[in-house]
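**Student:** Handing you this structure, nothing more for now.
Chains as they are written, first to last, in this note's numbering: chain U, 4 to 384; chain A, 49 to 675.
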């Protein structure tokens, strides 16, 4: 040490009044949540290494995506909820416009138009909708007294329905349901009446048959039938689900050991890097591993709900709550579909499945969540 | 809406929110419990089921086909071997576009419409990821072309397997038969386990008769394979037990001599060792190349064989039924002696015809004017006097003729180790009742006396009957098989005629020797240069009936209606080592047409050291599979 070091610290003492805040507070991030997310990402990389047959290149690429996503998360956390609230209606309009564009000029694969190409860069507007949907509904509801009456509930449902419908006709039923769910969570947290909720369930039950007949595509119907009885088409559509159940079940309680899963390493398990990665984990680490993973997710959800309820503004609370509950629904749907509880819809396992875009969307969500209450926590202290 | 409602109650809103979050937590806990229950069910409760599934997924029990036994002749000449054959196969799951792939393959190798049609048929009944054969017998050139273009046609593989090959082509087709691809019908009959790795099965002939012996026992290996069926490692291996190598009593050199002796004719030669029953040569001409059938004969080739008027697929030695004609006379002569109807000195007058008492119908001798006023048994055999045997047959009656004929193996299958043998006809009263539903007439006995009428025998039966004379009464089932893996096989002795004294055998053998050696003998043309003693009898079988008063005139008839030439013989007469029967369809004269063929066979077998023949077709495989 020399004097100059001392000298340089002097102006800092001036700033220290305003920065009695910790680094986390200055960066507007929640350290426990960040640590949990990092642990989860680490677990994901370990499983991905095995799922990709020990391909370091795959792991490194995923690591790069993760780094980018975490940086984006921190950047998004800098936004104040008021800003988001102001942008919400415009974001909604732009998002609906993009979804319309996809339906008319989108590019696609396997009979579904989901992508929009802009100058060599392709993206899925439905990813944007995942974030914009709860924002828009939260924006609308927070400008009115809660709990919402019939009129506001109805208008919120309309806000939910428009993008959902546009995604259904792409067609991408899985995503559309998840996006609708994120909007409905906002409504739920806002306190819509139980009577309304139950009548909606009743209506859905009545709609089930006409939906089956007229809305679902053949392949979607097939997936549901396959889930109900995978044995009926062992080598076709039932193959994936039989093999993933076999992978999970043969793991037992203790698992076959890391890199030793035969189902995944001998290529019996389809999509083992992406949507079906939980089967690799379950096969190699057994029920123990599954329980630990669920514990991690449980901690993340708990922490997320706690953060959201700290928010002072109604908009932030509703948005944050919806984001974290939707996150849980992703986990549930993915693990449910791989284990044969739910039909196969293309939903990745958050932070574990390989993928770039969905990862960024996910962590942007967490960034918003962290940003919502950064100010409030400051005030508390 | 009232103003009061428009006001936001922050505190109330926060309470509602907290309440709703609490419910959400319950929702999360319930959903998580469902997941835990589901994973617990799969990983704990149903663990054993899925563990088994997973092992069954990765571990496959693969059959290893046993190597089919080789077939050699008596001197070790290879008659049937296994050579590597390359098959072009397609795994449909790994092909992007089947039509495109077929088009590319079509550019590289010669694909016929038939191949593609058969391939598409096979595609409909295959297991997933099974390699389905598209083209058999792919050449080295074609393999190279496929190899170079492999990146363009994923899912296309070359599969090497051992298949049967008959190096002598058509020479042994009627002895060995052939193997072919297992048919749907055969699938129901074979042991599915033992044949799980086998593609071929004996279809006809020796290959079919000794199928069990030649096939061997299947082996298996436990392999770990991935979802695409690619084998990653072998966990356990049980070697198959190869089929037995068999040696035949057949002499390939004699076979070839016999085959060449019949070249250009329709006929059959059977040569047999009277001491053992071992078949030395068995030829039926024309023949066919058995290799055509191994991997499925093309319809063009098959139609050509099927529609050939000379019937190459027809095994005349076993299936051809001909009137034995005069070749039966030594046996009837012996019957006459045995039953005391004649003695060697009994004389008969032959005016050129015979008629039954109280019947005006005349049974004519082949020789106009007859053989003279006084013909004894020896003269009757040597000159083949019909009238002598008309009278003898009349005296013996059909019952005795039948009983005696049975002891020479006539009228029943010989029991040779081969397929599709026919029984010939040794007529009797019972036979006529059953088949013709009518009484036996004495006139019919007269025809039987010269081996005509209802009587029919296969060339094999004639050789067996001749062997009985040569061995002085020992009836043996003829055998092609001599030894299996070095262990000798003995033909069963079916009967022995101890009740017939040597003097009678001497008389008959003596007469048959005079057929060749005597100045009046019907086969005296064979005498020149003969270095051993040959006992023989000629025969000429009518193909069409000649009405009384008409004359047989070959020049006025179609060749198909010409008489069949027959010849039976054994040698050396004093110590018989080989008995032969020769039938040449529409050959006309037993002595001059069929006789020389028999002599060639004798000389090939009796004179000089045993000889081997080189393969008649030069198909030497370029690559040998290590076994």
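For each residue, glycine too, the CB sits at the ideal point set by N, CA and C.
Let me make sure I understand the geometry here. Which of U:36, U:37 and U:61 has the alpha-carbon closest to that of residue 48 of chain U?
**Tutor:** U:61
**Student:** Which whole-angstrom value describes the C-beta separation of residue 398 of chain A and residue 342 of chain A, a residue pair presumed to lie in contact below a C-beta threshold of 8 Å?
**Tutor:** Not quite, the Cβ-Cβ distance comes to about 56 Å (not below 8 Å), so this is no contact.
**Student:** If residue 182 of chain U and residue 210 of chain U are in contact, beta carbons under 8 Å, what's the gap, nearest whole angstrom?
**Tutor:** Rounded, the Cβ-Cβ distance is 18 Å, inconsistent with contact.
**Student:** Who are the Cβ neighbours of residue 86 of chain U in its own chain at under 6 Å, not counting the five residues just before and after it?
**Tutor:** none
**Student:** Could you check if residue 163 of chain A is buried or exposed, using at least 16 other CB atoms within 10 Å of its CB as the buried criterion?
**Tutor:** buried
**Student:** Quick check on the burial criterion: 16 or more other C-beta atoms within 10 angstroms. Buried or exposed for residue 26 of chain U?
**Tutor:** exposed
**Student:** Which value, in whole angstroms, describes the spacing of the CA atoms of residue 17 of chain U and residue 274 of chain U?
**Tutor:** Because the pLDDT at residue 17 of chain U is just 44, under 50, the model does not fix this residue reliably, and the point stays unresolved.
**Student:** What residues in the segment 74-97 of chain A have a beta carbon less than 7 Å from any beta carbon of chain U?
**Tutor:** From the segment 74-97 of chain A, only 76, 79, 80, 83, 84, 86, 87, 88, 90, 91, 92, 94, 95 and 97 have a Cβ closer than 7 Å to chain U.
**Student:** What in chain A is Cβ-close to residue 249 of chain U, meaning under 8 Å?
**Tutor:** In chain order: 98, 101, 102 and 105.
**Student:** Shorter than 9 Å from the beta carbon of residue 142 of chain A to some beta carbon of chain D?
**Tutor:** The question asks about chain D, but that chain is absent: this structure's protein chains are U and A.
**Student:** Are any of the Cβ atoms in chain A nearer than 9 Å to that of residue 143 of chain U?
**Tutor:** no
**Student:** Considering only C-alpha positions, which residue in the set A:262, A:87, A:310 and A:471 is nearest to residue 249 of chain U?
**Tutor:** It is A:87.
**Student:** Would you mind telling me which residues of chain A sit closer than 7 Å to residue 254 of chain U, beta carbon to beta carbon, in chain order?
**Tutor:** 91
**Student:** Quick one: Cα of residue 511 of chain A to Cα of residue 547 of chain A, how far?
**Tutor:** Rounded to the nearest angstrom, the gap between the Cα atoms of residue 511 of chain A and residue 547 of chain A is 22 Å.
**Student:** Check this for me: beta carbons of residue 127 of chain A and residue 214 of chain A, under 9 Å apart or not?
**Tutor:** Yes, they are a contact pair.
**Student:** Spell out the partners DSSP gives residue 270 of chain A in its beta bridges.
**Tutor:** A:109 and A:284
**Student:** Just to make sure I have the definition right: I need the residues of chain A whose C-beta is within less than 9 Å of the C-beta of residue 136 of chain U. Which are they?
**Tutor:** By Cβ distance, chain A contributes nothing, its closest Cβ being about 18 Å from residue 136 of chain U, past 9 Å.
**Student:** Suppose you measure from the CA of residue 480 of chain A to the CA of residue 631 of chain A; what does that come to, to the nearest Å?
**Tutor:** 26 Å
**Student:** Have a look at residue 501 of chain A and residue 382 of chain A and give me their C-alpha separation to the nearest angstrom.
**Tutor:** 20 Å
**Student:** What beta strand (DSSP E) runs, 3 residues minimum, are completely inside the segment 307-342 of chain A?
**Tutor:** 315-320 and 327-333
**Student:** Tell me where the alpha helix (DSSP H) around residue 140 of chain A begins and ends.
**Tutor:** Looking at the DSSP string, residue 140 of chain A is not in any alpha helix (DSSP H), and its letter there is neither H nor E.
**Student:** If distances are taken between C-alpha atoms only, which option among A:202, A:646, A:82 and A:69 comes closest to residue 573 of chain A?
**Tutor:** A:646
**Student:** Please report the straight-line C-alpha distance between residue 72 of chain A and residue 104 of chain A, rounded to a whole angstrom.
**Tutor:** 43 Å
**Student:** Counting only beta-carbon atoms, is residue 382 of chain U nearer than 9 Å to chain A?
**Tutor:** Legend: pLDDT at residue 382 of chain U = 49, less than 50; position of this residue unreliable, value from coordinates given subsequently. So, not an interface residue.
**Student:** Indicate whether residue 322 of chain A and residue 519 of chain A have their beta-carbon atoms separated by less than 9 Å.
**Tutor:** yes
**Student:** Would a check of beta-carbon distances place residue 76 of chain U closer than 9 Å to chain A?
**Tutor:** Chain A, which has no Cβ nearer than 9 Å to the Cβ of residue 76 of chain U, makes this no.
**Student:** Residues bridged to residue 144 of chain A by DSSP?
**Tutor:** As far as DSSP is concerned, residue 144 of chain A takes part in no beta bridge.
**Student:** Alpha carbon to alpha carbon, how far is residue 68 of chain U from residue 178 of chain U? Give it in angstroms, no decimals.
**Tutor:** 22 Å
**Student:** In this structure, does DSSP put residue 535 of chain A in helix, strand or coil?
**Tutor:** DSSP, read as helix, strand or coil, puts residue 535 of chain A in strand.
**Student:** Counting pairs of Cβ atoms below 8 Å between the segment 68-82 of chain A and the segment 237-246 of chain A, do you hit three or more?
**Tutor:** no
**Student:** Considering Cα atoms alone, identify which of A:490, A:564, A:236 and A:237 is closest to residue 426 of chain A.
**Tutor:** Closest by C-alpha distance to residue 426 of chain A, out of A:490, A:564, A:236 and A:237, is A:564.
**Student:** Give me the Cα-Cα distance between residue 379 of chain A and residue 562 of chain A, rounded to the nearest whole angstrom.
**Tutor:** Rounded to whole angstroms, residue 379 of chain A to residue 562 of chain A spans 16 Å at the Cα level.
**Student:** Would residue 254 of chain U pass as a contact of residue 208 of chain U if the rule is Cβ separation under 9 Å?
**Tutor:** no
**Student:** Here's a check: name, in chain order, each residue in its chain whose Cβ is nearer than 7 Å to the Cβ of residue 366 of chain U, leaving out the five neighbours to either side.
**Tutor:** 72, 73, 75 and 76
**Student:** With burial defined as no fewer than 16 other Cβ atoms inside 10 Å of the residue's Cβ, what is the status of residue 61 of chain A: buried or exposed?
**Tutor:** buried
**Student:** In chain U, which residues lie less than 7 Å from residue 61 of chain A when you measure between Cβ atoms?
**Tutor:** What residue 61 of chain A touches in chain U: 149 and 317.
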